[in-house]
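Here's the structure, in structure tokens; my notes come after.
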Amino acid sequence: MNKNLSFQSHLFLLKLGLFKLAQIKSICVAINQSNINVYKKYSQSDIDKLLATVDYLKIDDIKVDLEFIQKIEVSRKAYKSNSSNQINYFINLDNGYEKYIEAMKSKYKKELRREVRRFYEAFETVELVYFNQQDEVSRFMTDMHIIHNKSWKNGTLNELETDTLNELVDKRLWLGAILYANGEPISYMHGTLNSDDEYLLIHNGYDDSSKHLKPGKVLISKIIENHMQFNIRSIDFGSGSSVYKKIFCNDANDIYSALITPKRSKYSFLFQVQAWLDAFYLIVKRTSERLNLDHKLRSIVRKS
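If you use this note's numbering, the sequence shown corresponds to residues 8 to 311, in order.
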């Protein structure tokens with residue numbers, strides 16, 4: 008078993024939809040597509056030993072491998088945000104920007120062009136700035152937090168550390184982008200850029216006061232348009248079915264995400280509680296959609 012494992016401090020959140028009910032400090036081992044080949048070699052005994060040293064394994068968006076999934080889940084408690092594997096949406100730019108735009112649905116194409124034009128007309132100056140050097144990390148972190156603290160995601164950046172970005176920059180694997188309007192940071196996006204020219208999104212956000220101008224969509228649109236500046240061949244948005252992903256993305260594949268813990272641990276109980284909360288929230292969500300109250304409820308949650 009690999010002795011150089013990276014144990015991570017992590018906040019396990021009990022949530023009801025977007026409401027945070029409790030935060031529990033925990034220790035986990037993060038398994039993702041960048042290190043999955045190491046863990047695929049683990050025997051059942053290796054996995055048992057690994058789980059004895061941490062609260063749970065945090066598996067993020069790995070390509071579906073049934074043999075590994077069966078081995079990692081056997082006789083253990085697994086929490087998944089849904090009962091089946093998820094869909095991973097991404098943008099394929101192999102054929103260039105023009106071909107990508109040509110293939111986009113007509114209604115999305117018109118909507119996007121209108122929103123980009125409207126955004127630029129609303130400000131005297133608009134600038135897209137990229138960050139990928141050591142001396143740029145500090146400015147990116149500062150401006151990213153300014154945006155984040157004005158966004159509906161406020162408070163969800165607890166895993167991001169400057170040291171983490173510095174390590175990625177040292178390996179030439181990181182790219183950040185911020186959209187400025189009249190000199191003020193208004194939208195950000197950052198992620199890893201691997202040797203296959205795949206840009207994997209880590210986090211994005213926008214100033215909520217300007218959401219009517221769609222700054223997040225404008226930023227993504229400009230990154231796609233300028234993709235050859237950093238030789239980006241694909242942009243991976245991860246799991247989830249947000250509307251913006253369906254607008255932009257032209258490709259998808261199945262992925263697997265889960266939290267894994269021994270069945271008799273306290274986290275096994277917490278996973279079960281979260282599963283009950285998810286089921287209750289789904290009932291509330293479906294009911295609100297039938298009554299056309301979903302937008303109003305989402306607005307209330309974001310302001311709370």
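Using N, Cα and C, we set each Cβ at its ideal position, and we do this for glycine too.
| Query | Result |
| --- | --- |
| Taking S88 and S264 to be in contact with their CB atoms under 8 Å, please state how far apart those CB atoms are, rounded to whole angstroms. | 7 Å |
| Between the stretch 125-145 and the stretch 183-198, do three or more beta carbon pairs fall short of 8 Å? | yes |
| Can you tell me whether F237 is helix, strand or coil according to DSSP? | coil |
| Please give me, in chain order, every unbroken run of the beta strand (DSSP E) with length at least 3 that falls completely inside the stretch 70-124. | 83-86 and 93-99 |
| For the putative contact between L266 and Y63, defined by C-beta atoms under 8 Å, what is the C-beta separation to the nearest angstrom? | 5 Å |
| Hey, A259 and I230: beta-carbon distance below 8 Å or not? | no |
| Out of A85, K70 and S194, point me to the one whose CA is closest to Q93's CA. | K70 |
| Quick check: the Cα distance between S275 and K292, rounded to an integer number of angstroms? | 26 Å |
| State buried or exposed for I66, treating a residue as buried only when at least 16 other CB atoms are found within 10 Å of its CB. | buried |
| Buried or exposed for S217, please, with buried defined as at least 16 other CB atoms from any protein chain shown within 10 angstroms of its CB. | buried |
| So, under 8 Å CB-CB, Q40 and K78 are touching, yes? Tell me the CB distance rounded to an integer number of Å. | Not really, about 17 Å apart at Cβ, beyond 8 Å. |
| Where do the N-terminal and C-terminal ends of the alpha helix (DSSP H) with T171 fall, by residue? | T169 to D177 |
| Have a look at Y115 and V36 and give me their C-alpha separation to the nearest angstrom. | 40 Å |
| Roughly how many angstroms separate the alpha carbons of Y206 and R240, rounded to a whole number? | 8 Å |
| Quick one: Cα of K178 to Cα of L298, how far? | 51 Å |
| According to DSSP, simplified to helix, strand and coil, what is L23? | strand |
| Got a sec? Which residues, its chain only, sit under 7 Å from L220 by beta carbon, not counting five neighbours each side? | R125, F126 and A129 |
| With a 10 Å radius around its C-beta and 16 neighbouring C-beta atoms as the bar for buried, classify F75 as buried or exposed. | buried |
| CA-CA distance, V280 and Q140? | 43 Å |
| Apart from the five residues on each side of it in sequence, which residues of its chain come closer than 6 Å, Cβ to Cβ, to I254? | Y115 |
| Taking the alpha-carbon positions, what's the V144 to T199 distance? | 14 Å |
| What are the residues that DSSP puts in a beta bridge with D243? | F97 and L207 |
| D5 lies in the beta strand (DSSP E); which residues open and close that run? | This structure leaves residue 5 out entirely; the chain is present only between 8 and 311. |
| Classify Y86 as buried or exposed, calling it buried when 16 or more other Cβ atoms lie within 10 Å of its own Cβ. | buried |
| For I153, which option in Q236, K27, I290 and Y213 has the closest C-alpha, if you only look at C-alpha atoms? | Y213 |
| Could you tell me how far apart the beta carbons of V123 and S228 are, in whole angstroms, since I believe they sit closer than 8 Å? | 6 Å |
| How would you call L57, buried or exposed, if buried means at least 16 neighbouring beta carbons within 10 angstroms? | buried |
| Please name the residue, chosen from Y49, L20 and D55, that lies closest to T268 on a Cα-to-Cα basis. | D55 |
| Can you grab the Cα-Cα spacing for the pair N201 / H210, in whole Å? | 16 Å |
| Applying the 10 Å Cβ sphere with the 16-neighbour rule, what's the burial state of K84? | buried |
| If you count every other CB in all the chains shown that lies within 10 Å of the CB of I290, and 16 or more means buried, which is it? | exposed |
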